[in-house]
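S.K.: Just dropping this structure here.
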Amino acid sequence: RRASALAELSGAGKTSDGHAVALLANIGGVEDAVAAGAQDLEGVGLFRTEFVFLSATKAPTVDEQAEIYRGVFAPFEGRRVVVRTLDAGADKPLKFADLGPEENPALGRRGLRLSAERPELLDSQLEALAVAARDTGADVRVMAPMVATAEEAAWFARRVRENGLPKAGVMIEVPGAALRSRDVLTEVDFGSLGTNDLAQYTMAADRMQGALSDLLDPWQPAVLDVVAAACAGAATVDRPMGVCGESAGDPLLALVLVGLGVTSLSMAPSKVPVVRLALSLHTLADCQKLAEAARASRTAVDALTAVRDAAISEL
Ligand code: PEP
Ligand code: MG
């Protein structure tokens, strides 16, 4: 009996009533890709490409990049790999993509804003990704960080398609983009909520300051309201919305996110089994009830307590 129960706990993520929720890995380079590729998960939901170049002093060439991307894609033949284009600036400075000091780097020319000022960096990255995607059998999709408007999403999607890459998406990590996700996602194929930055910007609390961790808690009801709005907007234009922030690896919060309408969860690979188990114990309707309980709470602590109690009573 134990063996058959364990067999139930492998393969694609789904709720106990069979609602599919892809379980994906967050990775930062070739080594991570090889390790995650050997695990029972459906692919990569966030490849943080800037991690590969943190110590580079000059911009990598197309060939240098293609070699690295091939190494990342190869373990995922037949599976999806969502690549985030360079998210340079603020907490992830890159020497070759530095636009000089800023008063408020987290609110400055970072992520896609930096790509807009240095389009040659974006184009060489997209070219290398297209080459590596062609050379391997992975289902490669590309998304932009720090998108705030529909115009930015359209600009990015055009460049992705011009490079022959079939699928473009955006991270939803700016509250403005979350609230207008319908318009932003109309321009692209998918969205992925970055709850680390979304919490930072919703609560106006610097994610680099440990002393503010209570405000940065993704259980904050205000953050859940913004996630709910983003998912509702995505549903109206029939676009999938994943989560790739740390919150996706919290098994109780994962249930809430699914209840809010999230269609995939990307996390540290070590978290996948426990999230798969949590999903397998609850129906989609259960998850929706848990999401309501979380949003009906007044504080982050109340939201967690309400969801924990309700999740246990559902078992
Ligand atoms: C996020 O902001 O939630 C995210 C996934 O990206 P990063 O942590 O790399 O900013
Ligand atoms: Mg982010």
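Numbering-wise (UniProt numbering), the sequence shown opens with residue 289 and increments by one.
Built from N, CA and C at the ideal position, the CB exists for glycine as well.
Treat the numbers as computed from the prediction; the structure is a model and nothing was measured.
(1) Put residue 494 into one of helix, strand or coil per three-state DSSP.
(2) At a cut-off of 7 Å, would you count residue 440 as near the ligand MG, judging by its Cβ distance to the nearest heavy atom?
(3) Secondary structure at residue 374, three-state DSSP: helix, strand or coil?
(4) Count the other C-beta atoms from every protein chain shown that fall within 10 angstroms of the C-beta of residue 392, then say buried if there are 16 or more, exposed otherwise.
(5) Given this structure, state the Cα-to-Cα distance separating residue 374 from residue 400, to the nearest angstrom.
(6) In terms of residues, what are the limits of the alpha helix (DSSP H) holding residue 427?
(7) Hey, how far is the Cα of residue 569 from the Cα of residue 541?
(8) Which residue from 581, 536, 585 puts its Cα closest to that of residue 561?
(9) Three Cβ pairs or more, each shorter than 8 Å: is that satisfied between the segment 456-468 and the segment 440-448?
(10) State the Cα-Cα distance for the pair residue 341 and residue 371, rounded to the nearest angstrom.
(11) Just to confirm my understanding: we take residue 615, look at its own chain, exclude 5 residues before and 5 after, and list those with CB closer than 6 Å. What are they?
(12) Is the beta carbon of residue 532 within less than 7 Å of some heavy atom of the ligand GTP?
(13) Starting from the N-terminal side, write out each stretch of the alpha helix (DSSP H) that is 4 residues or longer and does not extend beyond the segment 529-601.
(14) Classify residue 505: buried if its beta carbon has 16 or more other beta carbons within 10 angstroms, exposed otherwise.
(15) Would the beta-carbon of residue 314 be found less than 7 Å away from any heavy atom of the ligand MG?
(16) Checking 8 Å against the spacing of the C-beta atoms, do residue 544 and residue 579 come in under that value?
(17) Write down every uninterrupted run of the alpha helix (DSSP H) in the segment 379-416 whose length is 4 residues or greater and which is fully enclosed by it, in chain order.
(18) Output the distance between the C-alpha atoms of residue 366 and residue 484, rounded to the nearest integer angstrom.
(19) Let me make sure I understand the geometry here. Which of 434, 469, 368, 432 has the alpha-carbon closest to that of residue 425?
M.R.: In short, the structure shows the following:
(1) coil
(2) no
(3) coil
(4) exposed
(5) 8 Å
(6) Here residue 427 belongs to no alpha helix (DSSP H); instead the beta strand (DSSP E) covers 427-432.
(7) 14 Å
(8) 536
(9) yes
(10) 14 Å
(11) Look at the range of the chain in this structure, 289 to 603, and you will see that residue 615 is not part of it.
(12) Because the ligand GTP does not appear in the structure shown, any question about it cannot be addressed here, the ligands present being the ligand PEP and the ligand MG.
(13) 539-548, 560-568, 572-583
(14) buried
(15) no
(16) yes
(17) 400-405
(18) 29 Å
(19) 368
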